[in-house]
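Protein chains: 2
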Amino acid sequence: MKTVKLSIIGFGAVGQGVARSIVLKKEALKKQGIDLRVVGIADSKGCEVNANGIDLKSALLRKKENGCVAKGAESAIDIIREIEQDIIVEVTPTNIENGEPGLSNMTAAFESGRHVVTSNKGPLALCFSDLKECAEDNGLIFRYEATVGGAIPIFNLVHEALAGNTIIGIEGILNGTTNYILTRMAEERLPYEHVLREAQELGIAETDPTYDVEGIDSACKLVILANSIFGQSATYRDVDVTGITKITPEALELAGRNNYVVKLICEAGNGVLTVAPHLVPRRHPLAVGGTLNVASILTDLAGRITISGKGAGSIETASSILSDILYIARNS
Amino acid sequence: MKTVKLSIIGFGAVGQGVARSIVLKKEALKKQGIDLRVVGIADSKGCEVNANGIDLKSALLRKKENGCVAKGAESAIDIIREIEQDIIVEVTPTNIENGEPGLSNMTAAFESGRHVVTSNKGPLALCFSDLKECAEDNGLIFRYEATVGGAIPIFNLVHEALAGNTIIGIEGILNGTTNYILTRMAEERLPYEHVLREAQELGIAETDPTYDVEGIDSACKLVILANSIFGQSATYRDVDVTGITKITPEALELAGRNNYVVKLICEAGNGVLTVAPHLVPRRHPLAVGGTLNVASILTDLAGRITISGKGAGSIETASSILSDILYIARNS
Chain U
1 MKTVKLSIIG FGAVGQGVAR SIVLKKEALK KQGIDLRVVG IADSKGCEVN ANGIDLKSAL
61 LRKKENGCVA KGAESAIDII REIEQDIIVE VTPTNIENGE PGLSNMTAAF ESGRHVVTSN
121 KGPLALCFSD LKECAEDNGL IFRYEATVGG AIPIFNLVHE ALAGNTIIGI EGILNGTTNY
181 ILTRMAEERL PYEHVLREAQ ELGIAETDPT YDVEGIDSAC KLVILANSIF GQSATYRDVD
241 VTGITKITPE ALELAGRNNY VVKLICEAGN GVLTVAPHLV PRRHPLAVGG TLNVASILTD
301 LAGRITISGK GAGSIETASS ILSDILYIAR NS
Chain X
1001 MKTVKLSIIG FGAVGQGVAR SIVLKKEALK KQGIDLRVVG IADSKGCEVN ANGIDLKSAL
1061 LRKKENGCVA KGAESAIDII REIEQDIIVE VTPTNIENGE PGLSNMTAAF ESGRHVVTSN
1121 KGPLALCFSD LKECAEDNGL IFRYEATVGG AIPIFNLVHE ALAGNTIIGI EGILNGTTNY
1181 ILTRMAEERL PYEHVLREAQ ELGIAETDPT YDVEGIDSAC KLVILANSIF GQSATYRDVD
1241 VTGITKITPE ALELAGRNNY VVKLICEAGN GVLTVAPHLV PRRHPLAVGG TLNVASILTD
1301 LAGRITISGK GAGSIETASS ILSDILYIAR NS
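Protein chains in written order, with the working numbering: chain U, 1 to 332; chain X, 1001 to 1332.
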């Protein structure tokens, strides 16, 4: 039995999803020889620490009832540096201005000899190559499957499943909110503002939808993909971005009459880094509807491989985080 | 630098594709620390052996000019047993009556301490669990990504990328010939016999199309998937199969008017193993056209993940074989 100790830094929807999925899978993983123990949890108000493994069910209940998990006052950085553990699961909220607190958390983790698994786009959209170098310098594993495409294992697909292929380019829909808005506008012939309000009521769009509808969230994800696949060191500010706010129902109807749909497409490859609305043939593999995400990978041997699935959701994102944790458990 | 020695058993379209892809990737792989050396090639007429590595370009040329690779008279089994090597790439033609010669080749490989990579469905559709056990008993790796879905890395997706998930079921289109026929019939409103002849002229369907159009090829692939994912030990004869020969253009037109397409769908999960034509909503992720293959994996955490790509082609199949070879190079 291999014991793997980890802390969850950030205990919002994703952090709680990780805790729930570990509760669900604990016994099955033990049968595979892996004993996952959460030894620290930190949220913005405090922390819980237990070297023998936190009772996750009661931590989840306390979070639900009190709005916080806090039993102690140590900071996230204290937990990262001072507890004996293998992996830091960094799932604090994305901040694309300066990447904090994720950036400091990840750097502290690598400096303290911990592997890092994250869903936090901010630090990676701003300084991917620095973080990668910091992991490599310390001989540690850095995994970030959950930063792009939610439940879809895009990085595993590119780096492991398609090993041996040269990746020529990548195209995709990496934001479920805009895909939902464009799909509804086309199907119901409704104006942008109307569908945006509907999406906000359903919790699919945020109160301030700017990051999604202006394509910034897509640009962050695209740059993480491009840096990881092509070894670039771009930031999201290097992406040429056009959002969806100026698309009219009339434009969508015209496209539909000619068997096209309009999608907010991210494209990387051959030096290009763009996010913009594109006409996509209705039968093209990228033409997925609703809140789905999709990535199409163009390779020299395998041709085009397209993968789609849920791009958001706490348990779906936790699925990607869990597969990264298991990768580290098996390869460290 | 890790030297990995392998033999290619069977030198038809797939075997030659493997040789071509190794020629293409040799230098790139050396930069990753892997020196792939083909030390044996066997086709039905003879073999070539070179402990220092065969000149693949001249072997491919000789095959093209003479129709065979033979320089020596050793049999495939001799090569498998007697050359010092790590991996046997078994790519002889599929035989679903008794699995030969693939079954004997794979068994000899495991008994001689070689890992096996294969695209040969026959032995796996007949006695998957025996082969898996034989590999495990000898502490060897058995990889078969190319047996199902050509270039699409389905097994990697299920076993590695979605690690931690419980797989609830799998649905897919696993035969490109029937997908081409159904797509053309629907789009051009042509009868089955007409489109079949067209597919035969294009080399998409074989002269005797029975295995494809009666769903037997799909059943073989489905049973390999089901055995691998659910730990079953079924054979292709356990699959409930209906082919596409009785589908009329009128039925497809009726489906189309209601925004459905008809697809030959393979289904496994919950004890079910079926191949049959199904109505699929036009916007469903499984509704891919032309010769594409697609697999949709239903999981407990990640939800539905769908992956599509080319299901056939020598270089596309070689892509899956190469990724299996690299997996073994890195994990043995």
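By construction, the Cβ of each residue, glycine as well, lies at the ideal position given by its N, Cα and C atoms.
Chain-order list of residues whose beta-carbon lies under 8 Å from that of residue i (same chain, five-residue window excluded)
i	result
V1213 of chain X	T1177, T1178, I1181, L1196, A1205, G1243, I1244 and T1245
A151 of chain U	G309, K310, G311, G313, E316, T317, S319 and S320
M1 of chain U	K30, G33, I34 and D35
V1014 of chain X	V1091, S1119, A1146, S1314, T1317, A1318 and I1321
Residues of its chain near residue i, where Cβ-Cβ distance is below 6 Å and the 5 sequence neighbours each way are ignored
i	result
I1229 of chain X	V1158 and I1167
F128 of chain U	N227
L298 of chain U	I168, G169 and R304
Where the alpha helix (DSSP H) containing residue i begins and where it ends
i	result
E1111 of chain X	G1102 to E1111
I96 of chain U	Where I96 of chain U is concerned, there is no enclosing alpha helix (DSSP H), given that its DSSP letter is neither H nor E.
K246 of chain U	From DSSP, K246 of chain U is part of no alpha helix (DSSP H); its letter is neither H nor E.
L1157 of chain X	Taken as a continuous stretch (DSSP letters only), L1157 of chain X belongs to no alpha helix (DSSP H), as it is neither H nor E.
Y327 of chain U	S314 to N331
E214 of chain U	First-last for E214 of chain U: undefined, no H or E at that position.
T1178 of chain X	G1176 to E1188
D1078 of chain X	A1076 to E1082
A59 of chain U	L56 to N66
Residue i, enclosing beta strand (DSSP E) - first and last residue
i	result
T1035 of chain X	Note on residue identity: the sequence assigns Asp, not Thr, to residue 1035 of chain X. First-last of the beta strand (DSSP E) with D1035 of chain X: I1034 to D1043.
V1280 of chain X	V1272 to P1281
A268 of chain U	Y260 to G269
E171 of chain U	I167 to I173
Simplified DSSP assignment, three categories, for residue i
i	result
K71 of chain U	coil
T1118 of chain X	strand
S1007 of chain X	strand
I1088 of chain X	strand
L1292 of chain X	strand
G1309 of chain X	strand
H1194 of chain X	helix
E1201 of chain X	helix
I1016 of chain X	The sequence given here has Gln at residue 1016 of chain X, not Ile. Q1016 of chain X falls in the helix class under three-state DSSP.
E1145 of chain X	helix
P1209 of chain X	coil
I1228 of chain X	The displayed chain sequence assigns Ser, not Ile, to residue 1228 of chain X. If DSSP states are grouped into helix, strand and coil, S1228 of chain X belongs with the helices.
P1285 of chain X	coil
S233 of chain U	coil
Partners in chain X for residue i, counting only beta-carbon separations shorter than 8 Å
i	result
V333 of chain U	Examination of residue 333 of chain U is not possible in this model, given that chain U is present from 1 through 332 alone.
R304 of chain U	G1309 and K1310
L279 of chain U	Simply none; closest approach about 17 Å.
L326 of chain U	A1163 and G1164
S21 of chain U	G1164 and L1301
Neighbourhood of residue i by C-beta distance below 7 Å, restricted to the same chain and skipping five residues each side
i	result
L1190 of chain X	R1184 and P1249
G1072 of chain X	G1046, C1047, E1048 and V1049
A1125 of chain X	I1096, C1220, V1223, I1224, T1235 and Y1236
P1101 of chain X	A1076 and T1092
A1302 of chain X	L1162 and N1165
L279 of chain U	A255, Y260 and V262
V239 of chain U	A219, L222, V223, L273, T274 and V275
T1003 of chain X	D1035 and R1037
Partners in chain X for residue i, counting only beta-carbon separations shorter than 7 Å
i	result
P285 of chain U	V1288 and S1308
S323 of chain U	A1161, L1162, A1163 and G1164
I315 of chain U	L1301
N156 of chain U	E1160 and A1161
Residue(s) in a DSSP beta bridge with residue i
i	result
L140 of chain U	Bridge partners of L140 of chain U: none, in fact.
V49 of chain U	U:G40
R304 of chain U	U:L298
V241 of chain U	U:V275
K1002 of chain X	X:I1034
Within chain U, the residues that residue i reaches when beta carbons sit closer than 9 Å
i	result
N1258 of chain X	In chain order: nothing, as chain U lies at least about 16 Å away.
S1228 of chain X	Here the premise fails: no neighbours, minimum Cβ distance about 15 Å.
Cross-chain neighbours of residue i in chain U, by beta carbon under 7 Å
i	result
A1318 of chain X	L301
K1025 of chain X	G164
A1151 of chain X	A302, G303 and I305
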